[in-house]
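Written out below as structure tokens is the structure these notes cover.
Number of protein chains: 8
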Amino acid sequence: MGFTVYLSGEIHTDWRDQIRSGAEQCGLDITFLSAVTDHDSSGAAGDHLGEESSSFWRDHKSAKVNAIRTKTSIESSDLVVIRFGEKYKQWNAAFEAGYCAALGKPYITLHGPEIIHPLKEVDAAAMAWAESTDQVVEILKYVTKS
Amino acid sequence: MGFTVYLSGEIHTDWRDQIRSGAEQCGLDITFLSAVTDHDSSGAAGDHLGEESSSFWRDHKSAKVNAIRTKTSIESSDLVVIRFGEKYKQWNAAFEAGYCAALGKPYITLHGPEIIHPLKEVDAAAMAWAESTDQVVEILKYVTKS
Amino acid sequence: MGFTVYLSGEIHTDWRDQIRSGAEQCGLDITFLSAVTDHDSSGAAGDHLGEESSSFWRDHKSAKVNAIRTKTSIESSDLVVIRFGEKYKQWNAAFEAGYCAALGKPYITLHGPEIIHPLKEVDAAAMAWAESTDQVVEILKYVTKS
Amino acid sequence: MGFTVYLSGEIHTDWRDQIRSGAEQCGLDITFLSAVTDHDSSGAAGDHLGEESSSFWRDHKSAKVNAIRTKTSIESSDLVVIRFGEKYKQWNAAFEAGYCAALGKPYITLHGPEIIHPLKEVDAAAMAWAESTDQVVEILKYVTKS
Amino acid sequence: MGFTVYLSGEIHTDWRDQIRSGAEQCGLDITFLSAVTDHDSSGAAGDHLGEESSSFWRDHKSAKVNAIRTKTSIESSDLVVIRFGEKYKQWNAAFEAGYCAALGKPYITLHGPEIIHPLKEVDAAAMAWAESTDQVVEILKYVTKS
Amino acid sequence: MGFTVYLSGEIHTDWRDQIRSGAEQCGLDITFLSAVTDHDSSGAAGDHLGEESSSFWRDHKSAKVNAIRTKTSIESSDLVVIRFGEKYKQWNAAFEAGYCAALGKPYITLHGPEIIHPLKEVDAAAMAWAESTDQVVEILKYVTKS
Amino acid sequence: MGFTVYLSGEIHTDWRDQIRSGAEQCGLDITFLSAVTDHDSSGAAGDHLGEESSSFWRDHKSAKVNAIRTKTSIESSDLVVIRFGEKYKQWNAAFEAGYCAALGKPYITLHGPEIIHPLKEVDAAAMAWAESTDQVVEILKYVTKS
Amino acid sequence: MGFTVYLSGEIHTDWRDQIRSGAEQCGLDITFLSAVTDHDSSGAAGDHLGEESSSFWRDHKSAKVNAIRTKTSIESSDLVVIRFGEKYKQWNAAFEAGYCAALGKPYITLHGPEIIHPLKEVDAAAMAWAESTDQVVEILKYVTKS
């Protein structure tokens, strides 16, 4: 069975590449989707729509352009993997988890044990908590095996 | 027109009381709902279901008991107000924002200007951003006036 | 059978009052909902959230505060009456008609014969076209009679 | 990621062609859908179903035949671009915006700054406001880039 | 448990009154809804909206006014009872059965054994087939008993 | 734009073939779906599941096996064409019309003018009424033209 | 906050009464719903609709009459409590758990530790697992406290 | 017409292979999906996510990983076949039947006559009851024939 998997969350490490190459090595029939992960491009996604004097509206326009992509990606996925790192607020990752939960879209979280407590509501609605990208690949292998 | 409003997010300041009393002073016909805001009760919500040796499962059980209440509250509300403070991860607040967004449930955010940037995705799907509880009460007055 | 009816559209004539008083004279069990129909209040609905230098964002904020009220009103109605006058663009009225159509919420239009042609798509999805408020009251009498 | 984009609204200028050829020049993987944009064909879409003595019913029949196409197009799209010109009522364009909003289908508007005010409710529910077809192509490039 | 029951279909016998009075005699907590069952009123429901030269459009307008009432009634019911007699086409009754089936709204049919065969698709999606109004009352008693 | 069209209703004349061959002659990109139109096969669709002494249950089992096919066909179509002849009850055709109406699935009816009155509720929710298969093909040509 | 709670499953012990009286002693604002729990009445729920020679169809008719009540009860509840005993197949209890899961309706299970393994899929989608009715009452107290 | 069929339930006999090979011999255009049917793999599906001291949580984790696969399979199927054997609790099979029922996903049951009574609620919502895999293949042949 083929799966479409959306990779959501943290953009500062290469976890997406690890999962993609792990899946490829196992020969899995998976299409991966992702937000734009280049921080500067993402923050500037709405800049070509006209300059803003207020940072609120500049952020607002970029966030909405990104949301076109994100919303379509989540809705066309069979599974979402959401990565939380230790730095930054990452409220967009938690926002996407809530979005999945309300849609009944299965998601799994990927994070270290030191942030279990603040993520308890996010983990409570997840189908699994993984600590390593290897574990994620293992899940993908299992759910797609014929 | 009567409204049901769910107050979500930060539990360390008295912003809920400010909104409730502001609405009462204006004589608004609003029913307010809220998660349990006592931090210790909330964290222990699942403890009576049996002890756990792992903190992950203890948190997990409590988070799910809380989610029964939260989910019902969000779904029966006409509007959700989500407060972000400056401290803590508050991923549950962002999670509830995403949940609202996917349901098409209108929400407004309440936070200071210093966290505009990390909240840009959350604000992008909101109906308004307020900085003070007075502004929230003003919105409630407007949307319920006959 | 009681009905909730949302009165949408043109705000420059007293058509809402005519329908309300017609229904009252017939003793109908109807709750009427409406957007804020005072043009200045409506345009300023977001002003207390902070000044904007750009008229786009000022309008944007007010439109969103109004949308909280509008969305809740439409979704809690059994029937929507949408009035189109001859002046102004009234794109918000057509927008609300499309919103109803997608939800499967029954609506009727109220307009003169001179704007039949530009309203053809809006009328095509309506349950009735009325030219006078008396006709609207007649429909309300019929659909609620015991 | 491939996208399906429905081009809605004004039919008197060549904005659809500009977007299509812009996307083609950038090599984007996009399927474009559109209503029938020939004004006479569109107005006569129901004529073969029998003559009508009243212009209301002639318009009604054509509008419904067009709606078969429109509804299917909107529902199978990932994104809708809605163009408003300065002439004509264009209530069908605003109607389609409302339809998208109720479905949670992302849309962007394309219009000049002189009609910001009457479009404020339509823009409030949009993911972006563009003034030029180049800006639209830029958004399409961003949301589909791998 | 209180129930709302919509009585759909045949209008030439007093089956609705039999069910209503049977329920009353048993003291059941049931609200009954119904289309307008006076054949002439129902056929003329749209006449006040203006005369039509074609019988198709006269019927069309009345049918849509009736549909406002019918749709709201079905959607607010917990159970629908659909009566088929031996005379007339009664396509509206079968139409309402299909409407219920698609919504997942439980319905029961009420008809004699001589029309089992043509009603097989309608009965296949029903929760019960009753031959008498007494049997219907028996079901209502059972499903609402405390 | 490709369309999937489900052909529902009367099985005693060759209207399905006329539409199929008309569409083929016009080179339309349409996939046609249909119930099993052989009357005997359709009535016996459940017979292999075991004999029944009662004709009600024999019909019941066959109707449900047919419904598996019908439901999937309707839900995967973009448009449904529903044919009513002058003979027989054809309650299944009206049932499928109601099913479409509740799903918001566009349908058109195909019938002669002598049954306008009993079909008024079914026509009221249709996107068009056609009297001939040529008219249906014309609509298909229009809604799929590039 | 008031809650409606549906009590599903095992009918041979007095667990429903224990929860009802526990909630009453705590003064909770809860409406309890339940299937008919008298085994003989439940099995005979369709008998008045006519005798059947086959036990399959007798069961079938009764099960469907019961389903009218069950479906309405589940859909109008905020929370479902599902009790599994050690005896009997209790497939209806597991069926109702699956029904809740697909609707996104929160449910909690009530069963002893000796049937953890066969219930693992049912528990995996539950919001909590309770072993005693006291624990259930504790949860109800928590989720409804003001 | 091609169909996707999910094979749910009992894993101790070769009924899946019988259906698959029967469909193949008839040349049917069917894609079959299934849970992982190796009992040990299935029970260990979450083991690589870390050891658990409690059997409840070990089961819980595996059941959730399996649910990712199951949920996607059910939702992408046109028809579900659910097999109940005579041994074991098989609550997951009844759970999946309830899940289908709530989604309006057609399913058929496959079981012997000796378990008619405990399966009556499950059968009441099914489209057919088959006793042999040959009967299932017969249904698949019928619903997909061109």
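Residue numbers (my numbering), protein chains in the order written: chain A, 1 to 146; chain B, 1001 to 1146; chain C, 2001 to 2146; chain D, 3001 to 3146; chain E, 4001 to 4146; chain F, 5001 to 5146; chain G, 6001 to 6146; chain H, 7001 to 7146. Glycine is no exception: its CB is placed at the ideal position from the N, C-alpha and C atoms. For clarity, every value in this text was computed on a predicted model and none was experimentally measured.
- Per the C-alpha coordinates, the member of B:Ser1042, B:Ala1130, B:Asp1040, B:Lys1061 positioned closest to Arg1083 of chain B is B:Ala1130.
- Inside the stretch 1104–1128 of chain B, DSSP marks whole alpha helix (DSSP H) runs of 4 or more residues at positions 1120–1124, from first to last along the chain.
- Counting along the chain, Ile6082 of chain G sits inside the beta strand (DSSP E) bounded by residues 6079–6083.
- Excluding its 5 nearest sequence neighbours in each direction, Gln7018 of chain H has C-beta neighbours in its own chain below 7 Å: Thr7133, listed in chain order.
- DSSP lists H:Tyr7006 as the beta-bridge partner residues of Leu7033 of chain H.
- For Leu6103 of chain G and Ala7102 of chain H, the gap between their C-alpha atoms comes out near 6 Å.
- Separation of the CB atoms of Thr37 of chain A and Ile11 of chain A is rounded to 4 Å, and the pair is thereby assigned contact status at 8 Å.
- Per the C-alpha coordinates, the member of H:Asn7092, H:Glu7086, H:Ile7115 positioned closest to Glu6121 of chain G is H:Asn7092.
- Take Trp2015 of chain C, set aside five residues on each side of it, and the residues of its chain with a beta-carbon closer than 6 Å to its own are Arg2083, Thr2133, in chain order.
- For the stretch 5002–5015 of chain F, the beta-carbon criterion of a distance under 8 Å to any beta-carbon of chain G is satisfied by none of its residues.
- DSSP, read as helix, strand or coil, puts Ala3130 of chain D in strand.
- Chain H has a Cβ within less than 8 Å of the Cβ of Val143 of chain A.
- Within the stretch 1044–1089 of chain B, the alpha helix (DSSP H) runs of at least 4 residues that lie entirely inside it are, in chain order, 1055–1075.
- The beta carbon of Gln6025 of chain G sits no closer than 8 Å to any beta carbon of chain B.
- Annotation for Ile19 of chain A: the continuous alpha helix (DSSP H) segment containing it runs 15–25.
- Counting C-beta pairs closer than 8 Å gives fewer than three between the stretch 48–63 of chain A and the stretch 3050–3057 of chain D, which falls short of the contact rule.
- Less than 8 Å separates the beta-carbon of Gly2098 of chain C from that of Tyr3099 of chain D.
- Nearest Cα to Lys2064 of chain C within the set D:Ala3124, D:Glu3138, D:Lys3145: D:Ala3124.
- Of all alpha-carbon atoms in B:Lys1071, B:Gly1027, B:Val1143, the one lying nearest the alpha-carbon of Ala1035 of chain B is that of B:Lys1071.
- With distances taken between CA atoms, Glu6086 of chain G lies nearest to G:Ile6115 out of G:Tyr6107, G:Ile6115, G:Thr6109, G:Ala6045.
- Shortest Cα-Cα distance from Phe3 of chain A to any of A:Leu33, A:Ala126, A:Gln25 involves A:Leu33.
- Under the three-state reduction of DSSP, His4012 of chain E is assigned to coil, being neither helix nor strand.
- Burial check for Gln1025 of chain B: the Cβ neighbour count within 10 Å stays below 16, so the residue is exposed.
- With contacts defined as CB atoms closer than 8 Å, Ala5045 of chain F and Tyr7107 of chain H fail to qualify as a contacting pair.
- In this structure Pro6118 of chain G is in contact with Tyr7088 of chain H, their Cβ atoms being roughly 7 Å apart against a cut-off of 8 Å.
- Each residue's CA atom was taken as its position, placing Ser7062 of chain H and Gly5027 of chain F some 52 Å apart.
- Taking 8 Å as the upper bound on Cβ-Cβ separation, chain C lies near residues Lys4064, Val4065, Ala4067, Ile4068, Arg4069, Lys4071, Thr4072, Ser4073 of the stretch 4063–4074 of chain E.
- In the structure shown, the three-state DSSP call for Leu1028 of chain B is coil.
- Excluding the 5 residues flanking it on each side, Ala126 of chain A has same chain C-beta neighbours closer than 6 Å at Tyr107, Ile108, Thr109, in chain order.
- Non-local C-beta neighbours of Asp1029 of chain B in its own chain, meaning closer than 8 Å and more than five positions away in sequence, comprise Met1001, Gly1002, Phe1003, Thr1144, ordered along the chain.
- Residue contact with chain G for Ser5053 of chain F: present (Cβ-Cβ distance below 8 Å to some residue of chain G).
- Ala3128 of chain D reaches chain A at Gly46, Leu49, Lys61, Lys64, Val65, Ile68, counting residues in chain order whose Cβ is nearer than 9 Å.
- Among the residues of chain A, those whose CB is under 7 Å from the CB of Glu3138 of chain D are His48, following chain order.
- Using a Cβ-Cβ cut-off of 7 Å, Trp7057 of chain H is close to Trp1057 of chain B, given in chain order.
- With respect to chain G, the C-beta atom of His7111 of chain H has no partner C-beta closer than 8 Å.
- Assignment of Asp1040 of chain B by DSSP, reduced to helix, strand and coil, places it in the helix class.
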